[in-house]
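As they're listed, the protein sequences go chains B and V. According to the numbering used here, the residues represented by the first sequence are 1 to 332, in order. According to the numbering used here, the residues represented by the second sequence are 1001 to 1503, in order. Using N, Cα and C, we set each Cβ at its ideal position, and we do this for glycine too. Before any comments, here is the structure.
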Amino acid sequence: MSDTASGAAAPARHDMVLGIVRKDHVQRYSTLVVLVLMFIVFSLTVDRFLTSQNLLNIAQQISMLTIVGAGLTFGFAAREMDLSVGFTVGLAGVLVPLLLVAGTPLPLALLAGLGAGLAVGLMNAFFVTIVGIPSLIATLASGSILFGINFLMTGGRAIYGGLPPAYLWLGQGRILGIPVLAFFMLGAVALAWFVMERTVFGRYVYAVGGNQKAAELSGVQVRRYRAASLVVCSLFAVIAGTLLAARLGSGQPNAGERYLLDGLATVFIGMTMLRPGTATVLGTFFGALFIGIINNGLNLMGMDTYIQSIVKGAIILVAVAIVSRSTKLNLL
Amino acid sequence: MDVHLADIVMQFPGTRALDGVSVTFRNNEVHGLIGENGAGKSTLVNILGGSLQPSQGQVMIGDKAVRLSSPHDALLQGIAHVSQEGSLVPGLNGAENILLGHEPKLAGIVIRKGALQRHAAELVSQWFPKVSIDLNRPVAELPMADRKVIEIVRALRGSPRIVILDEPTATLPAREKEQLWQIIRSLPPQGVGVVLISHFLSEIKALSDRITVLRDGRHICSEPAEALSEDQLVELMLRRTGGAQLRGAAASTTQADAPLVLDVRDWHVGAVHVPHFSLRAGEIVGLIGLTGAGHFGFARSLHNPAGARCQTLTIAGKPTELGPPRKMQDAGIALVPDHRMEYALIGEWTLRENLSMVHPNHGTIAGGILSPRREETEARRVMKLMNVKAHSSRQLLRELSGGNKQKISIGKWLYGASDRYRVMIFIEPTEGVDIGAKAEIYAEMRRLAGQGVGIIIASSDLLEIESVAHRVIPFVRQGPGPEIHAADFSESTFITAISGAAA
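Right, here's the structure in full:
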């Protein structure tokens, strides 16, 4: 039948590139190398880039994005895409300030924000796993619904004035000179990493995304984990939204919108590295850094935001091209 | 002109599916191609039909070497392939299916319905004047034999010199077979050679002018059909070097009074009906049958009973309700499925992660938190037990050979649990597995049985069944036939039992 020896392990062989670097290392780390190079180039060419103030600034700018991305990573790991995530950010971003302005105590308002996230996540999960609509379509529709709700709640206006200082501190304060937001970001990354890499829950989410049929035949309750991944997406999104409004000092119904595209971009960039083709929390974190550094660098160079948008779109295309060439990227 | 395959070698990662096969197919004969599962029949016809490109060797038409880089290429060279599964569009009618992609059009855009029906009807009557098929009905509503005829007519559209028919009668009820047989016989006189693959030896014998036997990827012989008896064919297909050593320890008989680990009554799944099935601790029961006979469906449904119903299900003495795989596992049923990369494993995962997929909780510290150290220890234990050849438990699964992958697929059920399962179901447990690993997998099954696990093995490798099973249940037309006991085991008994009434 076969002449392959089953009696001896094949020797460790690695495809090499240019005879010096292992091919799998190139796949895993080239995006990181690009990230470092970009950092160096900006440091050398842009005046105010490499200052502690600016670096903290970047940390602050990417913290919400990272949190949204960490949530999306759960979805991607289970092969579910949440396109409502931007509007979910917006939902918390208006709901929490609205409640606070109306005099609700801070802890209660924060809980209400989380509750809203849970509700959105469960709604998405219901349509995806019980009704059976592909997540891409179900969340596109629920996003539209949320968009409407956000504007209805605020009448289209920003909510400001009367927000308690303790709330604003979450988005603007510093501890030992480091933005509070950065702690939230690191906390979210650490938590998401731990859950994905070190718990049975994370293992099952990856199993469902890795091979749904095999997971099912191994006794994984596939639906439950697909649903959970969508709920986690929404929960991370409302946390980001709550922080976003605190940072802006006002609740703006459309402030969350850019987090959809940017969030997807961080995950896609993350999928080009570490475990190519798989969404990982650390990959997403580096993806957010990537986006943050580009935005910041271009900003300091005086590029206008439309150019940034073009650059970002191009990066997403490149990242997705890399991912789908090396692996079977199949999200629908 | 003849089509000649010369010294064809097909190397897949881990297995050599064809090893220097040479055979000539003529356009005035029905050429039967036989061999047991894994002998290389499918690979050979896939090369002939352009779906696969050989690692070595040549396809010659007449005395010209050709490259068949796609089925379309093969078609242009006059070789058409009618696959086993069927390739009709169910919602279209017969005529539309026959001329799919070659519809007569008005101004190149609008399909001319009338001309299409006429043209299709002409094709049918040109090739098979005696056949009448309703070409206006959606093919989904036609009898299986008519659908097959439509597929064949479509294959004949370009007047090929060779038509490959892969198990054309496997899905047909007995009374419809005769019609198809006549059609097959009528082709060579019209200058179209037929390459026929079939599990039914009597059919091969009755229809073929010449018969080629493959075994383990090697060409055994090509002889005129009348020169070989069915017994000789079975002998040629199955006698193999290494067979004796695989058999190893003779199947030990189990205690007739061992406790029942599984007992089901009136099990229905799809069209399959099993009035009664029981399995004792330590027993290995083989399920055999032709494609579509229902043995695979029955075996699978015991672990994943979606769509199944039954009167009673008793697992290890406890009456159990049907439920999703998770529930059946908790009740003590494990499944090692076929097509492991599709149904069992994740290629991009490490061996350790794959092994822990069923029982990740074993490797946890508390509350669902995984301990890499515990996982590593357990993964190593299972890899050692199963004799998995790999650099480490951190290696990616996709890098392993077929045999080692299969060992991981089995090992999943032993990770964190040596005696959790009372019933283990194996489907095609050695498909794409080399001979050394085969023997190890059989030994593992015997070891598990020795520990009191009841084992069900559904396989199309009859030699495998003969060497590991204690008793065999042949499936014919969606249900079990009379049981075969170890004393009566032989390939020919098996083949008679599974084809018998149907042929």
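B:Ile58 is positioned such that its CB atom lies closer than 8 angstroms to that of B:Asn296. In terms of beta-carbon proximity, B:Val200 lines the interface with chain V, with at least one pair separated by less than 8 angstroms. Per DSSP, V:Lys1064 is one residue of the beta strand (DSSP E) stretching across 1064-1066.
The C-beta of B:Ser229 comes no closer than 8 angstroms to any C-beta of chain V.
Cβ neighbours of V:Leu1106 within its own chain (closer than 7 angstroms, five residues either side excluded): Arg1112.
Of the candidates B:Val68, B:Ile310, B:Gln27, B:Phe42, the residue whose Cα lies closest to the Cα of B:Phe184 is B:Val68.
Ranking B:Leu91, B:Ala240, B:Leu56 by CA distance to the CA of B:Leu65 puts B:Ala240 first.
At least one CB of chain B lies nearer than 8 angstroms to the CB of V:Val1358. Annotation for V:Phe1277: Val1264 place their beta carbon closer than 6 angstroms to its own, counting only its chain and skipping 5 residues before and after. Secondary structure of V:Pro1325 (DSSP, three-state): helix.
Taking C-beta separations shorter than 7 angstroms and ignoring five residues to either side along the sequence, the partners of V:Leu1370 in its chain run Pro1360, Gly1363, Thr1364, following chain order. The beta carbon of V:Val1285 sits closer than 8 angstroms to the beta carbons of Leu1279, Gly1454, Ile1455, Ile1456, Ile1457, Ala1469, His1470, Arg1471, Val1472, Ile1473 from its chain, once the five residues preceding and following it are set aside; these are given in chain order.
Of the other Cβ atoms in all chains shown, fewer than 16 fall within 10 Å of the Cβ of V:Ala1271; this residue is therefore exposed.
Around the beta carbon of V:His1081, a 10 Å sphere encloses 16 or more other beta carbons of the protein chains shown; the residue is thus reported as buried. Think of a sphere of 8 angstroms around the beta carbon of V:Gly1368: the chain B residues whose beta carbon falls inside it are Thr199, Val200, Phe201, in chain order. In this structure the segment 1006-1017 of chain V does not lie against the segment 1026-1036 of chain V, because fewer than three pairs of beta carbons, one per stretch, are closer than 8 angstroms.
Rounded to the nearest angstrom, the Cβ distance from V:Gly1057 to V:Pro1071 is 19 angstroms, too far for a contact under 8 angstroms.
Here V:Leu1345 really is in contact with V:Lys1405; their C-beta atoms are around 6 angstroms apart, less than 8 angstroms. Between V:Lys1405 and chain B, the shortest Cβ-Cβ separation is not below 8 angstroms.
A Cβ of chain B is located within less than 8 angstroms of the beta carbon of V:Gln1329. Taken through DSSP and simplified to helix, strand or coil, V:Trp1349 comes out as coil.
Counting the other Cβ atoms within 10 Å of the Cβ of V:Tyr1421 gives 16 or more, which makes it buried. Following the DSSP letters along the chain, one finds V:Glu1223 inside the beta strand (DSSP E) bounded by residues 1218-1224. DSSP lists V:Pro1138 as the beta-bridge partner residues of V:Asn1093. DSSP places V:Leu1414 outside both helix and strand once states are collapsed to three, so it counts as coil. Note on geometry: alpha-carbon atoms of V:Met1424 and V:Gly1114 lie some 57 angstroms from one another.
In the three-state scheme derived from DSSP, where H, G and I count as helix and E and B as strand, V:Lys1384 is classed as helix.
V:Pro1337: not part of any alpha helix (DSSP H); DSSP gives it neither H nor E.
For chain V, the residues of the segment 269-296 of chain B that bring a beta carbon within less than 8 angstroms of one of its beta carbons are Arg275, Gly277, Thr278, in chain order. Within the DSSP bridge table, the entry for B:Gly251 names B:Ile159 as partners. Linking V:Asp1330 to V:His1199 through their CA atoms gives a straight-line distance of about 38 angstroms. For V:Ile1455, the secondary structure class from DSSP, reduced to helix, strand or coil, is strand. By the beta-carbon neighbour count (other beta carbons within 10 angstroms, threshold 16), B:Leu72 is buried. Within a 10 Å sphere around the beta-carbon of B:Leu176 sit fewer than 16 other beta-carbons, which makes this residue exposed. Pairing V:Ala1174 with V:Val1030, the inter-Cα distance amounts to about 21 angstroms. At least one beta carbon of chain V lies nearer than 8 angstroms to the beta carbon of B:Asn211.
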